[in-house]
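Take a look at the structure set out below.
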Amino acid sequence: MFQIVLTWNLSEPSQHIGDLITDINIRGYRKKDILLPSEYRTKLRNHEIKPLSVGDIVDKICPTRRNVYYRKGVSPPDDVPNVNNWGSKAGTLVEKYLMGITNDIDINPQNYSNIAGIGNGFHDDFKRRKKNRNALDKLISLERPGEIGNTDWLQSLLSCNIRAELAAKILHSLLHEDGVIDFSHIQPKRRLHPNVQDIGVSDDVEPDFIIPDFGIVGDIKTGIQFQPYHQLTCAGYALAYESEMRKKPKKRDINWGIVYFIQTRLESDFVKSLTTPQIYIFPIDNNLRESFKTLRNEMYRITSGTEIPDFPEYPKKEDCRFCKFFDYCKTLGLVWP
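Residue numbering for the sequence shown follows the numbering used here, starting at 14 and increasing by one per position.
Put into structure tokens, the structure is as follows:
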């Protein structure tokens, strides 16, 4: 998380791509800009359909969105199991690890060895806590032969990342000046309360972090590689925050998104490699907001229908191996060579 502060302040996005936010006019507090189609608003009001989270709308784990229908559709099968997979559990653990870094870690190192020592201490303390130990044990139990999720390797990546975070904190303390983002500006895991029927995003939506004073919302993502649709997550959170602020005397716009991406699964035919987080900074412009709105309407169309979406066609079936409903779909005979 300290790397976000350092990267933003050093890159100065407003000087390079700031002109892209000047024309934003699709806002969560303007009904005409973001209003959900009337048929879905009525169904939400009458509790005929379930509200969708930002993740339900954006995360394309299944190309046909069959997985969302299993959970939020109006006519899901009765026998769909509630299962976990390695990827989803790893993502939750990484988020918890990074949130732990937000605690005030006392550092006054003079060299790399001291940073490594403090990082090792944080890492060992994290693993010793019972809930975290149980989570790691659960991850190990979810590993499958031939798959690329590896809990031991994930711990190595996290251990390296905490050292990079500590180094970023030290460098920021040396470079700090008035007018820049400081870690105190970041609000982690803030719950938002948008107007659900207007915007179509469920109440209590929770971005990984938000920096309202600088108009920024951010999300932590994990997986094999960064996906363009990750940016749509920030668009959804921006609209949700702006919707929450609709009755405030002073509306506060969210103009920027940040995705903090950690590569938790390394798909390679060669050797393992240590990776550091990739930080993506981008304007949440009209195009991104319009794309989120279009996808939102499509998802409500899918979940409101009585037909379960089709199984993905080859070659997109390769995406299914990371879906929590993979084994269930196999029991239906939905398999491929």
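No residue lacks a Cβ here, since even glycine has one placed at the ideal position from N, Cα and C.
Keep in mind the model is a prediction, meaning the values are calculated, not measured.
By DSSP's criteria, residue 234 is part of a beta bridge. Which residues make up the other side? 274
Exposed or buried, which one is residue 306 when buried takes at least 16 other CB atoms within 10 Å? buried
Cα-Cα separation between residue 148 and residue 106, rounded to whole angstroms: 7 Å
If I'm right that residue 78 touches residue 321 with Cβ under 8 Å, what's the distance once you round it to whole angstroms? Actually they are not in contact, since the Cβ atoms of residue 78 and residue 321 sit about 10 Å apart, beyond 8 Å.
Within 8 Å, strictly: CB atoms of residue 83 and residue 213: Using a Cβ distance threshold of 8 Å, residue 83 and residue 213 do not count as a contacting pair.
By DSSP, does residue 205 sit in helix, in strand, or in coil? strand
Mind reading off the beta-carbon distance from residue 41 to residue 256? Whole number of angstroms is fine, and I expect it under 8 Å. 4 Å
Less than 8 Å separating the beta-carbons of residue 17 and residue 273? yes
Proximity to residue 286 [Cα-Cα], best of 237, 292, 325: 237
3 or more residues per run - each beta strand (DSSP E) lying fully within the region 60–114: none
Using alpha carbons as the reference points, say which of 98, 333, 70, 253 lies closest to residue 266. 253
Return the residue from the list 302, 294, 308, 154 that minimises the CA-CA distance to residue 28. Ranking the options by Cα distance to residue 28, first place goes to 294.
For residue 204, tell me which candidate among 219, 195, 339 has the shortest Cα-Cα distance. 219
What does the Cβ neighbour count give for residue 164, buried or exposed, with the cut at 16 atoms within 10 Å? Buried, since its Cβ has 16 or more Cβ neighbours within 10 Å.
By the DSSP assignment, the alpha helix (DSSP H) with residue 26 in it spans what residues? 26–30
If distances are taken between C-alpha atoms only, which option among 299, 319, 289 comes closest to residue 168? When each option's Cα is compared against that of residue 168, the closest is 289.
Excluding the 5 residues flanking residue 178 on each side, which residues of the same chain have their C-beta closer than 7 Å to its C-beta? 14, 15, 16, 114
Within its chain, find whatever has a CB closer than 8 Å to the CB of residue 66; leave out the 5 residues flanking it on each side and keep chain order. 214, 215, 218
DSSP beta-bridge partners of residue 291: 274
Taking only the alpha-carbon atoms, compute the straight-line gap between residue 69 and residue 250 and give it to the nearest angstrom. 13 Å
CB-CB under 7 Å to residue 97, same chain, minus the five flanking residues each way: which ones, in chain order? 155, 337
Pull up the DSSP beta-bridge partners for residue 224, would you. DSSP, once it has assigned bridges, lists 229 as partnering residue 224.
Residue 38 and residue 299 closer than 8 Å at C-beta: yes
What are the boundary residues of the alpha helix (DSSP H) that residue 315 is part of? 299–317
Based on the DSSP output, what are the partners of residue 12 in its beta bridges? Because the chain here runs from 14 to 350, residue 12 falls outside it and cannot be looked at.
In whole angstroms, give me the CA-to-CA distance for residue 88 and residue 129. 53 Å
Beta-carbon separation (whole angstroms), residue 182 vs residue 112, contact threshold 8 Å: Contact flag wrong, Cβ pair sits at about 15 Å.
Skipping 5 residues on each side, what residues in its chain have a beta carbon closer than 7 Å to that of residue 208? 256, 259
Report, in whole angstroms, the separation of the C-beta atoms of residue 108 and residue 194, which I expect to be a contact under 8 Å. With a Cβ gap of about 20 Å, residue 108 and residue 194 do not count as contacting.
What's the gap between the Cα of residue 33 and the Cα of residue 226? 19 Å
So, using beta-carbon positions, are residue 229 and residue 271 closer together than 8 Å? yes
Look at residue 224 and residue 185 and say whether their C-beta atoms are less than 8 Å apart. no
Taking DSSP as the reference, what is the three-state secondary structure of residue 214? Correct three-state label for residue 214: strand.
Own chain, CB closer than 7 Å to residue 30, minus 5 neighbours either side, in chain order: 296
If we call anything under 8 Å between Cβ atoms a contact, is residue 244 one with residue 301? In this structure, residue 301 lies closer than 8 Å to residue 244 by Cβ.
Suppose contacts are defined by Cβ-Cβ distances below 8 Å. Is residue 73 in contact with residue 341 by that definition? In this structure, residue 73 lies away from residue 341, with their beta-carbon atoms at least 8 Å apart.
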